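What follows is a short report on a single structure.
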Amino acid sequence: MKILMYAVLEPEKKYIKQWSEQTGVEVKCVDERLNAQTVDWAQGFDGIDFQQTQPLEPVVYQKLHEYGIKQLTARMVGYDMIDFDLAKKYSLVVTNVPAYSPRAIAEMGLTQALRLVRKLGYYDQRMDKLDFRWVGLESTEIYNLTVGIIGAGHIGGATAQLYSALGAKVIATDPIHRVELNPYLEYTDQETLLKTADIVTVHTPLNETTTNMFNGATFKKMKPTAYLINMARGGIVNAADLITALQNKEIAGAALDTLADEGQFFEKQATPDEIPEDYKTLRAMPNVLISPHSAFYTDTAMKNMVAMGLNDVVAVVKGQRPQFEVFN
Ligand code: NAD
């Protein structure tokens with residue numbers, strides 16, 4: 008069996024090699040994404056695997072069908088680049104990787120929250136200035152805190168388990184109440200969560216209910232001692248309002264793995280003129296932590312992302328039911 012993988016990133020390569028050696032399936036990797044220009048490369052392969060946000064052109068579906076390909080495997084959570092009517096028309100089974108490692112993102116959120124709670128940004132600032140006084144560095148302990156999770160799905164659920172294991176009180180809002188999370192959290196309403204949580208950690212998708220969910224009015228409801236952790240999508244937090252809230256001491260700090268305007272500069276070595284003013288302002292604050300949308304980036308996540316996608320390619324090629332078929 009031979010599989011062609013499109014848009015392969017350098018960090019994925021060692022996991023692809025491992026999977027190929029373990030399964031005996033030949034995998035060819037190309038840097039380019041799947042599109043009208045590159046679809047012909049799939050000729051002679053049994054299956055394909057790709058990751059991209061750009062929509063697939065109609066000719067891609069038609070040609071894959073002509074080349075005998077039976078699936079469209081996106082090795083990522085999102086699948087909105089796929090036209091399901093065309094996939095159906097050309098008998099292409101759609102699969103994705105819905106949860107490659109929720110723990111990866113949950114652990115990054117917890118790590119950043121602990122750094123904020125222990126005021127480590129202020130510690131660094133002091134150490135740089137050779138200021139060894141303790142004043143102003145008094146902290147609190149995590150088991151005394153209430154953690155509010157907005158969006159308790161795969162990642163929010165894993166986050167609840169981590170904080171619960173540390174002895175914190177965990178409350179959550181989510182339109183879906185999952186019984187399996189009952190040992191770790193209590194469901195509440197958003198108003199109560201914002202007013203009572205010491206750490207507010209967001210794990211929702213970006214949608215019409217969550218865009219700009221954190222704005223000037225939201226920050227005013229939070230405790231002045233509370234921290235905001237956003238490991239989800241930048242558009243959920245209004246960066247200008249966050250800056251104002253931090254400057255006015257309406258909240259105590261924030262950790263952001265994503266920013267709404269990150270597309271301009273993330274995932275590359277940026278030059279100073281490419282960096283937006285809001286990033287610079289936030290980055291200069293000792294109570295703000297910013298990471299480059301890399302909360303998912305662990306060995307486990309990379310390995311799962313590669314293997315879960317490729318295992319489903321093999322399943323469809325062999326006429327078996329894939330584990331992560333997407334029905335739309
Ligand atoms: P999921 O679908 O398992 O969980 C999301 C949950 O949010 C669902 O339970 C949903 O009901 C809930 N939700 C939706 N709107 C809500 C609202 N207005 N209020 C409260 N809850 C709401 O998704 P997941 O796998 O846990 O991922 C969550 C998000 O994390 C993704 O959508 C993505 O934006 C982000 N993410 C970030 C990284 C990273 O590296 N930083 C990696 C993967 C995913």
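Read in order, the letters of the sequence shown are residues 8 to 335 in my numbering.
Backbone N, C-alpha and C fix where the C-beta goes; we use that ideal spot for every residue, glycine too.
Computed from a prediction, not measured in an experiment: that's the story for all the values here.
Report yes if the C-beta of V84 is less than 8 angstroms from at least one heavy atom of the ligand NAD; otherwise report no.
-> Yes, Cβ of V84 sits closer than 8 angstroms to a heavy atom of the ligand NAD.
Count the other CB atoms, across all protein chains shown, that sit within 10 Å of the CB of A277; report buried if there are 16 or more and exposed otherwise.
-> With fewer than 16 other CB atoms across the displayed protein chains lying within 10 angstroms of its CB, A277 is exposed.
Per DSSP, which one or two residues make a beta bridge with D102?
-> Reading off the sequence shown, one finds Thr at residue 102, where the question assumed Asp. DSSP output for T102 lists T80 and E332 as bridge partner(s).
Alpha helix (DSSP H) segment containing G155, residue limits | Careful: G155 lies outside any alpha helix (DSSP H), inside the beta strand (DSSP E) at T153 to I157.
Cβ shell of R40 (< 6 angstroms), same chain only, five flanking positions each side left out | The answer, listed in chain order, is Y13, A14 and Q59.
Where do the ends of the beta strand (DSSP E) carrying E33 lie?
-> From DSSP, the beta strand (DSSP E) with E33 extends over E33 to C36.
Bounding residues of the beta strand (DSSP E) (the contiguous stretch that carries I178) = It spans K176 to T180 - the beta strand (DSSP E) in which I178 sits, taken as one unbroken run.
If we call anything under 9 angstroms between Cβ atoms a contact, is R122 one with A246?
-> No, the Cβ-Cβ distance between R122 and A246 is not below 9 angstroms.
Could you tell me if the beta carbon of A167 falls within a distance shorter than 8 angstroms of some heavy atom in the ligand NAD?
-> No; taking the cut-off as 8 angstroms, the Cβ of A167 has no heavy atom of the ligand NAD nearer than that.
Three-state secondary structure (DSSP) of L235 | L235: strand per DSSP, three-state reduction.
Between which two residues does the alpha helix (DSSP H) containing G164 stretch?
-> From DSSP, the alpha helix (DSSP H) with G164 extends over H161 to A172.
Residue burial classification, A81 (beta-carbon count within 10 angstroms, cutoff 16) = Sixteen is the threshold: when 16 or more other Cβ atoms of the shown chains lie within 10 Å of the Cβ of A81, as they do, the residue is buried.
Where does Y129 fall in DSSP's three states?
-> DSSP places Y129 in the helix class (H, G or I) of the three-state scheme.
Verify the contact flag: Q119, CB atom, against every heavy atom of the ligand NAD, threshold strictly below 8 angstroms.
-> Taken from the Cβ of Q119, every heavy atom of the ligand NAD lies 8 angstroms or farther away.
Nearest residue (CA-CA) to S146, options D138, I162, Y129 and F139 = Ranking the options by Cα distance to S146, first place goes to Y129.
Please decide whether E64 counts as near chain B, where near means a Cβ-Cβ distance under 9 angstroms.
-> Within the model displayed, chain B is absent; a lone protein chain is all it includes.
Return yes when the C-beta of Q330 is under 8 angstroms from any heavy atom of the ligand NAD, and no when it is not.
-> Q330 Cβ: outside cutoff for every heavy atom of the ligand NAD.
Does DSSP put T208 in a helix, in a strand, or in coil?
-> Three-state DSSP puts T208 in a strand.
K9 lies in the beta strand (DSSP E); which residues open and close that run?
-> For K9, the uninterrupted beta strand (DSSP E) segment begins and ends at K9 to M12.
Name the DSSP bridge partner or partners of E193?
-> According to the DSSP secondary-structure assignment, E193 is paired through a beta bridge with I178.
Excluding sequence positions up to five away, which residues of its chain have a Cβ less than 7 angstroms from the Cβ of M309?
-> Result list for M309: P18, E19 and Y22, in chain order.
Residues bridged to D56 by DSSP?
-> Answer by DSSP bridge pairing, in chain order: M12 and T80.
Based on the DSSP output, what are the partners of V66 in its beta bridges?
-> In DSSP, V66 forms no bridge with anything.
Helix or strand or just coil, what does DSSP make of G270?
-> In the structure shown, G270 sits in a helix (DSSP, three-state: H, G or I).
Anticipated Cβ contact below 8 angstroms, T5 with D90, distance rounded = Nothing in the structure corresponds to residue 5, since the chain is present only between 8 and 335.
Per-residue burial, K202 [other beta carbons within 10 Å of its own, 16 or more giving buried] = By the Cβ-count criterion, K202 is exposed, with fewer than 16 other Cβ atoms from all chains shown falling within 10 Å of its own Cβ.
What are the start and end residues of the beta strand (DSSP E) that includes I112?
-> First-last for I112: P109 to V124, but that is the alpha helix (DSSP H), not the beta strand (DSSP E).
State the Cα-Cα distance for the pair A43 and E64, rounded to the nearest angstrom.
-> As the crow flies, the alpha-carbon of A43 is around 6 angstroms from that of E64.
Straight-line CA distance for G86 to N103?
-> It should be noted that the sequence gives Tyr, not Gly, for residue 86. If you draw a straight line from the Cα of Y86 to the Cα of N103, it is about 7 angstroms long.
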